[in-house]
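S.K.: Chains as they are written, first to last, in my numbering: chain A, 1 to 161; chain B, 1001 to 1260. Positions of the beta carbon are idealized from the N, C-alpha and C atoms, including for glycine.
Take a look at the structure:
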């Protein structure tokens, strides 16, 4: 009597584990909400940025004396106005988050080694955070006529002691 | 009275050189096939075959000619050979197509025609890939009718308008041409892929189905619809002409609409 050979079902590979682990999804969609929010943010921030950036370019390059008027005093004058402070703040935050999220998706798409992806993301987040914090500080603490150790340093238009 | 009547005068006289119904022109083609046999070598290589083919022949006929007359070890999948079973998706001249729907005369026969297995899935031998990861994703989106309540005593009725809503995605033959043309899937095999989303779309937008929410929840995943970058490779690759990227976008919108 010959023994029956062990014949496996041809489509049972997901149970036997022959499928490479690189195709197996981990977790149960826990981060889906974040990915959806990121997707939505990219579209909404993109629309707002078009208005902000073209408004910024128009005011800086076209209005009045146009591009020739841009100097230290021009920027100082703009940032003396809370409207332009908030305009530039919104532009900074939206552009940085929009850009950083775009680079994040590119890293996730193309960096196939886990450690490489991790470190690229660390560098990206650190750079984005540093620029956002520095930029925010500059916009709100900008003083065109600082007095350092009793010495007036600053532009020509600053009040003289 | 004569017993025989004359032939109708309108019959066109064919010259003797034309044999019956008009002959099909032949031409020479070179087929470059990506070969891989793990029992011989871990490396894959290109094999070239010179063939004389007819103007009505498809790439599949050329592969048959190689397998039946030149090299019986050539391995590829095909079942119906008429563009319905979805067995013979392969990368022909760098594009994902069905070998049985690609006429040789439509390709540039002055250069070798390259035939490779579809990308992103593990190659088992020559043009045969392991489709299991592909079907694993397909099974996860529950590609079957799910209903609640009592089953009706007759068929479930649906208006032509409701049927039209998902008509495009019913055409899928699961050949994997779309999923294996997706650059996101090439680097991230965990992505559900266009085909799974298309087949989820087919039931999400079916008025008779009640599990749309569950499927949207499954696809609202880190590896779900948000992985799609709207590259349109899938729409271009689909041998059935399904607007795959559009279907994926509709599922994205349905996931969003569910949240707000």
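(1) Where residue 110(A) and residue 1184(B) are concerned, what is the direct C-alpha to C-alpha distance, given to the nearest angstrom?
(2) Among the residues of its own chain, which have a CB less than 8 angstroms from the CB of residue 1044(B), if the five just before and after it don't count?
(3) Is the region 1231 to 1246 of chain B touching the region 39 to 52 of chain A, taking contact as three or more C-beta pairs under 8 angstroms?
(4) Using a Cβ-Cβ distance under 7 angstroms, would residue 23(A) count as near chain B?
(5) Since residue 1049(B) sits in a beta bridge, which residues does DSSP pair it with?
(6) Report yes if the CB atom of residue 1054(B) is closer than 7 angstroms to the CB atom of residue 1024(B), and no otherwise.
(7) If you follow the alpha helix (DSSP H) that residue 1202(B) is part of, which residue opens it and which one closes it?
(8) Hey, does residue 1187(B) have any beta-carbon neighbour from chain A nearer than 7 angstroms?
(9) Identify the continuous alpha helix (DSSP H) that holds residue 1140(B) and give its terminal residues.
(10) Cβ closer than 7 angstroms: which chain B residues qualify as neighbours of residue 20(A)?
(11) For the region 81 to 114 of chain A, which residues have a CB atom closer than 9 angstroms to at least one CB atom of chain B, in sequence order?
(12) If you follow the beta strand (DSSP E) that residue 1116(B) is in, where does it begin and where does it stop?
(13) Can you tell me the Cβ-Cβ gap for residue 1042(B) and residue 1075(B), rounded? I've got them flagged as a contact below 8 angstroms.
(14) Once DSSP output is grouped into helix, strand and coil, what is the label at residue 1064(B)?
(15) Rounded to the nearest angstrom, how far is the Cβ of residue 1112(B) from that of residue 1048(B), given a contact under 8 angstroms?
(16) In this structure, how does DSSP classify residue 98(A) when only helix, strand and coil are distinguished?
(17) Checking 7 angstroms against the spacing of the C-beta atoms, do residue 1176(B) and residue 1099(B) come in under that value?
(18) Below 9 angstroms on C-beta distance, what does residue 79(A) contact in chain B?
(19) With residue 1186(B) and residue 1119(B) assumed to form a contact (beta carbons below 8 angstroms), what rounded beta-carbon distance in angstroms separates them?
(20) Could you tell me the boundaries of the beta strand (DSSP E) in which residue 1098(B) lies?
(21) Based on the DSSP secondary-structure assignment, which residues constitute the bridge partners of residue 152(A)?
(22) Can we count residue 18(A) as close to the ligand HEM, meaning its CB is less than 6 angstroms from some heavy atom?
(23) Could you check if residue 1087(B) is buried or exposed, using at least 16 other CB atoms within 10 Å of its CB as the buried criterion?
(24) Keeping to the same chain, check which residues put their C-beta closer than 7 angstroms to that of residue 1225(B); ignore five residues upstream and five downstream.
(25) How close, in whole Å, do the beta carbons of residue 142(A) and residue 73(A) come, if the pair is a contact with beta carbons under 8 angstroms?
(26) Could you tell me the alpha carbon to alpha carbon distance between residue 1129(B) and residue 1038(B), rounded to whole angstroms?
(27) Pick from 115(A), 107(A), 137(A), 77(A): whose alpha carbon is nearest that of residue 145(A)?
(28) Going by Cα to Cα distance, which pick from 128(A), 90(A), 101(A) is closest to residue 52(A)?
(29) For my contact list, residue 1179(B) and residue 1193(B) are in at a C-beta cut-off of 8 angstroms; report their separation, rounded to the angstrom.
(30) Using alpha carbons as the reference points, say which of 1141(B), 1144(B), 1117(B), 1143(B) lies closest to residue 1131(B).
(31) Whole angstroms are fine: how far does the CA of residue 38(A) sit from the CA of residue 97(A)?
(32) Taking just the CA atoms, how far does residue 1059(B) sit from residue 1065(B)?
(33) Let me see if you follow: with CB-CB separation under 7 angstroms, is residue 1247(B) close to chain A or not?
(34) In this structure, does DSSP put residue 75(A) in helix, strand or coil?
(35) Taking 7 angstroms as the threshold (beta carbon to beta carbon), is residue 39(A) in contact with chain B?
(36) May I have the straight-line CA-CA distance separating residue 1137(B) from residue 117(A), to the nearest angstrom?
M.R.: From the atom records:
(1) Counted from its first residue, the first chain places residue 110(A) at position 110. Counted from its first residue, the second chain places residue 1184(B) at position 184. Whole-angstrom Cα-Cα distance: 8 angstroms.
(2) The count along the second chain starts at 1 and reaches residue 1044(B) at position 44. If we look at residue 1044(B) and ignore the five residues flanking it on each side, its Cβ neighbours are 1034, 1035, 1036, 1123.
(3) no
(4) Within the first chain, numbered from 1, the residue matching residue 23(A) stands at position 23. So yes, residue 23(A) belongs to the interface.
(5) What you label residue 1049(B) is simply residue 49 of the second chain in a count that begins at 1. According to DSSP, which records beta bridges pairwise, residue 1049(B) is partnered with 1031(B).
(6) In the second chain, residue 1054(B) corresponds to position 54, counting from 1. In the second chain, residue 1024(B) corresponds to position 24, counting from 1. In this structure, residue 1024(B) lies closer than 7 angstroms to residue 1054(B) by Cβ.
(7) Here residue 1202(B) corresponds to residue number 202 of the second chain, with the count starting at 1. Note, residue 1202(B): alpha helix (DSSP H), 1194 to 1204.
(8) Translated into the one-based positions of the second chain, residue 1187(B) becomes position 187. Yes, contact with chain A.
(9) Residue 1140(B) sits at position 140 when you count from the first residue of the second chain. Taken as a continuous stretch (DSSP letters only), the alpha helix (DSSP H) holding residue 1140(B) covers 1132 to 1140.
(10) Walking along the first chain from the start, residue 20(A) turns up at place 20. The answer, in chain order, is 1122.
(11) 105, 108, 109, 110, 111, 112
(12) Position 116 of the second chain holds residue 1116(B). Where residue 1116(B) is concerned, the enclosing beta strand (DSSP E) stretches over 1113 to 1116.
(13) The count along the second chain starts at 1 and reaches residue 1042(B) at position 42. The count along the second chain starts at 1 and reaches residue 1075(B) at position 75. Contact doesn't hold; Cβ gap of about 17 angstroms is too wide.
(14) Along the second chain, one-based indexing puts residue 1064(B) at 64. Note: residue 1064(B) maps to helix in three-state DSSP.
(15) Locating residue 1112(B) in the second chain gives position 112, where the first residue counts as 1. Locating residue 1048(B) in the second chain gives position 48, where the first residue counts as 1. Between residue 1048(B) and residue 1112(B) the Cβ distance is about 6 angstroms, and since that is below 8 angstroms, they are a contact.
(16) Looking up residue 98(A) in the first chain gives position 98. Helix.
(17) Locating residue 1176(B) in the second chain gives position 176, where the first residue counts as 1. Locating residue 1099(B) in the second chain gives position 99, where the first residue counts as 1. Contact: no.
(18) Translated into positions along the first chain, residue 79(A) becomes position 79. Simply none; closest approach about 37 angstroms.
(19) Indexing the second chain from 1 puts residue 1186(B) at position 186. Indexing the second chain from 1 puts residue 1119(B) at position 119. About 6 angstroms separates the two Cβ atoms, so the contact holds.
(20) Translated into the one-based positions of the second chain, residue 1098(B) becomes position 98. From DSSP, the beta strand (DSSP E) with residue 1098(B) extends over 1095 to 1098.
(21) Position 152 of the first chain, counted from the start, is the residue given in the question as residue 152(A). DSSP, once it has assigned bridges, lists 147(A) as partnering residue 152(A).
(22) As for the ligand HEM, it is missing from this structure, which has no ligand bound.
(23) By 1-based counting over the second chain, the position of residue 1087(B) is 87. Per the 10 Å Cβ criterion, buried.
(24) The count along the second chain starts at 1 and reaches residue 1225(B) at position 225. Answer for residue 1225(B): 1197, 1219, 1248, 1251, 1252, 1255, listed in chain order.
(25) On the first chain, residue 142(A) is found 142 positions in, with the first residue counted as 1. On the first chain, residue 73(A) is found 73 positions in, with the first residue counted as 1. So it is not a contact: roughly 13 angstroms between Cβ atoms.
(26) Residue mapping note: residue 1129(B) aligns to position 129 of the second chain, counting from 1. Residue mapping note: residue 1038(B) aligns to position 38 of the second chain, counting from 1. For residue 1129(B) and residue 1038(B), the distance between alpha carbons rounds to 12 angstroms.
(27) Position 145 of the first chain, counting from 1, holds the residue named residue 145(A). That would be 77(A), whose Cα lies nearest to the Cα of residue 145(A).
(28) In the first chain, counting from the first residue as 1, residue 52(A) sits at position 52. Closest by alpha carbon: 90(A).
(29) Sequence index remark: in the second chain, residue 1179(B) carries index 179 (1-based). Sequence index remark: in the second chain, residue 1193(B) carries index 193 (1-based). Sure, about 4 angstroms apart at Cβ, within 8 angstroms.
(30) The residue labelled residue 1131(B) in the question sits at position 131 within the second chain. Residue 1131(B) has its Cα closest to that of 1117(B), out of 1141(B), 1144(B), 1117(B), 1143(B).
(31) Within the first chain, residue 97(A) is the residue found at index 97, counting from 1. Within the first chain, residue 38(A) is the residue found at index 38, counting from 1. Using only the alpha carbons, I get a separation of about 10 angstroms.
(32) Numbered from 1 along the second chain, position 65 holds the residue referred to as residue 1065(B). Numbered from 1 along the second chain, position 59 holds the residue referred to as residue 1059(B). C-alpha separation (whole angstroms): 10 angstroms.
(33) The count along the second chain starts at 1 and reaches residue 1247(B) at position 247. Closer than 7 angstroms: no.
(34) As a working note, residue 75(A) is residue 75 in the first chain. It is helical.
(35) Taking the first chain and counting its residues from 1, the one referred to as residue 39(A) is at position 39. It does: the Cβ of residue 39(A) has a partner Cβ on chain B nearer than 7 angstroms.
(36) By one-based count along the second chain, residue 1137(B) stands at place 137. By one-based count along the first chain, residue 117(A) stands at place 117. Taking the straight line joining both Cα atoms gives about 24 angstroms.
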